[in-house]
Amino acid sequence: PYPVNSYNSSMTPKERWEKRNWFLFLTGYFAIGYVLINWFNESRSHYFDVAFPFEGAVPFISFFILGYPFVYVSMLVLYFSIDDIDLWRRGVVAYLVLTTLCYIVYLLFPVKMVDRPEVGGMIVRTVFDKIARFYFIVDRPFNALPSIHAAYPTLATILVWRTARRGRWLLLAMTVTISVSVVLVKQHYILDV
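Number -3 in our numbering belongs to position 8 of the sequence shown; there are no gaps in the numbering.
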């Protein structure tokens, strides 16, 4: 009754099925909740300012938009790095708690990134500018504090640190890359990260 994955696993077919279903649920919970709260926060009239005084001088470097989607890649690396159902279940709980706490903070303490280029007035010179413009259309400048883009790969790194030698270094590299990229593409303030 459960499909069998082709990769080697110590999980039973039923456990792999459970793992996949929870992964799909977490993906939906993130995507739907994040977008809905982002749209809701767009209608706010007041936002908190968490920028350090020097952050206005941090340049917008569109090349770093390449690090922005690593948050999604990190979730796939996590999925394929965990081969223990108990660790996976603990990870699911941790992600649900982390995501829910982020959503609560987004609603109670709305922060707007005001330093990023406006989509309509954005000068598009390079392919990186085009990619950044696309992300800016999809991911509005709200839901800033805390940066869920930095939090997800950080949690993934913590979860697999003891068990996945290759995966942990890849996830750590993604965490650092995302943390730098979200600041340099003006999607998050340093405090958000």
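Virtual Cβ for every residue (Gly too), placed ideally from N, Cα, C.
So the candidates are S70, G45, G56 and Y61; which of them puts its Cα closest to the Cα of R154?
Its Cα nearest to that of R154, the residue S70 stands out among S70, G45, G56 and Y61.
Flag this pair as yes or no: are the beta carbons of I179 and F41 separated by less than 8 Å?
In contact: I179 and F41 (Cβ atoms closer than 8 Å).
Who pairs with V183 in a beta bridge, going by DSSP?
Because the chain spans -10 through 182 in this model, residue 183 falls outside it and cannot be assessed.
Segment contact flag, the segment 21 to 28 with the segment 159 to 179, C-beta cutoff 8 Å, min 3 pairs:
Verdict: no, contact absent.
Give the C-beta separation of F117 and S51 to the nearest angstrom, bearing in mind that I take them to be a contact with Cβ-Cβ under 8 Å.
At roughly 4 Å, the Cβ-Cβ gap stays under 8 Å, so F117 and S51 are in contact.
Which residue from T88, G56, D73 and I137 puts its Cα closest to that of K3?
Per the Cα distances, D73.
Measure the C-alpha to C-alpha separation of S(-1) and Y95 and round it to an integer number of angstroms.
The alpha-carbon atoms of S(-1) and Y95 are separated by roughly 39 Å.
Specify the secondary structure class of V103 as computed by DSSP and reduced to three states.
Here V103 sits in coil by DSSP.
Please state if the CB of L134 and the CB of Y84 are separated by a distance shorter than 8 Å.
Here Y84 is not near L134, since their CB atoms are 8 Å or more apart.
Excluding the 5 residues preceding and the 5 following H177 in the sequence, name in chain order all residues of the same chain whose CB lies nearer than 6 Å to its CB.
Non-local beta-carbon contacts of H177 in its own chain, meaning distances under 6 Å to residues more than five positions away in sequence, involve A133, S136 and V171 in chain order.
Looking at the structure shown, is F19 part of a helix, part of a strand, or coil, going by DSSP?
In the three-state reduction of the DSSP assignment, F19 falls in the helix class.
Can you tell me whether K119 is buried or exposed, with buried defined as 16 or more other CB within 10 angstroms of its CB?
Flag for K119 reads exposed.
Distance between W6 and D104 (C-alpha atoms, nearest Å)
D104 and W6: Cα-Cα distance of roughly 44 Å.
Taking the Cβ atom as the reference point for each residue, do V182 and L67 lie within a distance shorter than 8 Å?
No, Cβ-Cβ distance for V182 and L67 is not below 8 Å.
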